[in-house]
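In my numbering, the protein residues as written are 19 to 517. C-beta atoms are modelled at their ideal positions from N, C-alpha and C, and glycine is treated no differently. For reference, the structure is listed below as structure tokens.
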């Protein structure tokens, strides 16, 4: 490269660098001074983001913007606001609630009953939503929170010196009481509810490695204790209350081909380069496949509308369209209540908020308990150029609890030893309770219909892995549009790794 070409290349690089701009701000209700979640921030017809639950957003401008260029902020029930790009960065943007013009609403809705409105919604599902193949550019964040509410282990008896009360107490202290795990993925998602491919552009994992490291070290220590103290041709009798099961010690100590193969399979799964992609693909598919307009969804308040009571409570504006605000709740045994926001002209559900009204699963027997106690979310749709609605933002939260209050005995027996078959015994009393909360968020930035040929020609980058982050890094997603992290993510920092 000549000197002049080098100078030119450097100049172009510098020009591109300064032309790119990231706007970071917060949208606030002018009347109440409260943040406005899920507001749309639009730069152009095909470029925009959405505010998080704290009203925060960050948007990357892909090309140079002049001082007169603007971004537009809109949200359900608010006036649409245009802000000059050069005044929007690191500021608070106030938006004003919009008055409802009831006359125009009543002209459009023709005084339909609420049941007639819901019937129109169901009849127009095929017209209003995509059931064909599409390509979506999306950002997917999954947040996992685990909490050990109670763990009491009472030591009863042990004939193995290493498995003494001191060791059991140390195990109890090693197990983490709380853990957080965040995984973020930017990708192109191809297909339909039944067929899917995913091309991951970038991904990150944010968690504390010490939590997994301590449990791995514990497993290795327990394996050594068993190897040193239990005979390979023994079997273990594991009893909890009146129930018991046999476990061949060979399968634990890996002295047979089946056990070795099982461990190799587990190792291969951990090292599978395609495992991350398959897991992300499956998670996204599950979220899209359970939309209320799909066949036989869990969220059945439209497909099984006869099982719910509906009430028209108000009107508002969303994306410059007047919408009905309709509350729903189950008549008898159904699981959900919530609110639908339905376009008065084409009867498309533009937003739905839902939550469970009862436990989705509730199991309790002989000291074991399991409950699925939280299932709630929000989905917001936007109309495309083909006049069909696509997901703009999806949030889903699931929670469950698990408990155990049972005695536990592990008995080593060996029929090849003369005398008593029982060789060793460990007896404990365990009382534990734990909870898990999973939160899923998807923002769709762009969607277009594709053909079967387009789908077949799309590729998956199967070798990609997420980058591990021990603390939130605000620079990681520079140059990409995502949904802004909330305060918990921004403040997350893992403890220094234990050597």
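Return the bridge partner residues of residue 465 from the DSSP annotation.
-> The residue you call residue 465 lines up with position 447 of the chain shown. Residue pairing of residue 465 in beta bridges, as defined by DSSP: 154.
Does the Cβ-Cβ distance between residue 368 and residue 392 come in under 9 Å?
-> As a working note, residue 368 is residue 350 in the chain shown. As a working note, residue 392 is residue 374 in the chain shown. No, the Cβ-Cβ distance between residue 368 and residue 392 is not below 9 Å.
Which stretch, first to last residue, makes up the alpha helix (DSSP H) that contains residue 499?
-> Here residue 499 refers to the residue found at position 481 of the chain shown. Note, residue 499: premise wrong, no alpha helix (DSSP H); not H, not E.
Given 8 Å, three or more beta-carbon pairs between the stretch 346–361 and the stretch 316–325 | Yes, the stretch 346–361 is in contact with the stretch 316–325.
Using beta-carbon positions only, say whether residue 236 and residue 444 come within less than 9 Å of one another.
-> As a working note, residue 236 is residue 218 in the chain shown. As a working note, residue 444 is residue 426 in the chain shown. Going by C-beta atoms, residue 236 is not nearer than 9 Å to residue 444.
Which residues in the same chain as residue 195 place their Cβ atom closer than 6 Å to its Cβ, once the five residues preceding and following it in sequence are excluded?
-> Sequence index remark: in the chain shown, residue 195 carries index 177 (1-based). Only 166 meet the Cβ criterion.
Within 10 angstroms of its Cβ, does residue 110 collect 16 or more other Cβ (buried), or is it exposed?
-> Taking the chain shown and counting its residues from 1, the one referred to as residue 110 is at position 92. Counting the other CB atoms within 10 Å of its CB gives residue 110 a total below 16, which places it among the exposed residues.
Three-way DSSP call (helix, strand, coil) for residue 221 in this model = Position 203 of the chain shown holds residue 221. In the three-state DSSP reduction, residue 221 falls in the strand class (E or B).
Report buried or exposed for residue 284, applying the criterion of at least 16 other Cβ atoms within 10 angstroms of its Cβ.
-> As a position in the chain shown, residue 284 is number 266, starting the count at 1. Confidence is the limiting factor: at residue 284 the pLDDT is only 46, short of 50, which leaves the residue's position unreliable, though a coordinate-based value still follows. Around the CB of residue 284, fewer than 16 other CB atoms lie within 10 Å, so the residue is classed as exposed.
Run the CB neighbour count on residue 150, radius 10 Å, all protein chains shown included, and call it buried at 16 or more, exposed below.
-> Along the chain shown, read from residue 1 onward, the residue named residue 150 stands at position 132. Exposed, by the Cβ-count rule.
Spell out a yes or no on whether the stretch 167–175 and the stretch 132–150 are touching, meaning 3 or more CB-CB pairs, one atom from each, closer than 8 Å.
-> Because the criterion of three Cβ pairs below 8 Å is not met, the stretch 167–175 and the stretch 132–150 do not touch.
What residue from 469, 256, 474 has the CA that sits closest to residue 431's CA?
-> In the chain shown, residue 431 corresponds to position 413, counting from 1. Minimum Cα distance to residue 431 is reached at 256.
Per DSSP, residue 371 forms a beta bridge with which residues?
-> To locate residue 371, count along the chain shown from 1; it is residue 353. In DSSP, residue 371 forms a bridge with 357, 396.
Would you grab the beta carbon distance between residue 57 and residue 91 for me? Rounded to a whole angstrom, and I think it's under 8 Å.
-> Taking the chain shown and counting its residues from 1, the one referred to as residue 57 is at position 39. Taking the chain shown and counting its residues from 1, the one referred to as residue 91 is at position 73. Yes, they are in contact, since the Cβ atoms of residue 57 and residue 91 sit about 6 Å apart, within 8 Å.
Applying the criterion that 16 or more other CB atoms from any shown protein chain within 10 Å of the CB defines a buried residue, is residue 509 buried or exposed?
-> Start at 1 with the first residue of the chain shown, and residue 509 comes out as number 491. By the neighbour-count rule (16 or more Cβ atoms within 10 Å), residue 509 is not buried but exposed.
Enclosing beta strand (DSSP E) for residue 5 [first to last residue] = Here the chain has residues from 19 to 517 only, and residue 5 is not among them.
Where residue 519 and residue 395 are concerned, what is the direct C-alpha to C-alpha distance, given to the nearest angstrom?
-> Outside the modelled stretch of the chain, which goes from 19 to 517, sits residue 519, for which no answer is possible.
Just mark residue 324 as buried or exposed, buried being the case when its beta carbon has 16 or more other beta carbons within 10 Å.
-> Position 306 of the chain shown, counted from the first residue, corresponds to residue 324. Exposed is the call here.
Which one of 379, 364, 75, 346 has the shortest CA to CA distance from residue 370?
-> For the purposes of this step, residue 370 is identified with residue 352 of the chain shown, where counting begins at 1. When only C-alpha atoms are compared, the closest one is 346.
Straight-line Cα distance separating residue 152 from residue 471 = The residue you call residue 471 lines up with position 453 of the chain shown. The residue you call residue 152 lines up with position 134 of the chain shown. Residue 471 and residue 152 have their alpha carbons spaced roughly 12 Å apart.
Where residue 504 and residue 71 are concerned, what is the direct C-alpha to C-alpha distance, given to the nearest angstrom?
-> Locating residue 504 in the chain shown gives position 486, where the first residue counts as 1. Locating residue 71 in the chain shown gives position 53, where the first residue counts as 1. Residue 504 and residue 71 have their C-alpha atoms spaced approximately 7 Å apart.
Taking 9 Å as the CB-CB cut-off, is residue 77 touching chain C?
-> Any reference to chain C falls outside this structure, which holds one protein chain only.
Let me know the secondary structure DSSP gives residue 244 once reduced to three states.
-> One-based indexing of the chain shown puts residue 244 at position 226. Of the three classes helix, strand and coil, the one that applies to residue 244 here is helix, per DSSP.
Start and end residues, alpha helix (DSSP H) containing residue 93 | Position 75 of the chain shown holds residue 93. Here residue 93 belongs to no alpha helix (DSSP H), and DSSP marks it neither H nor E.
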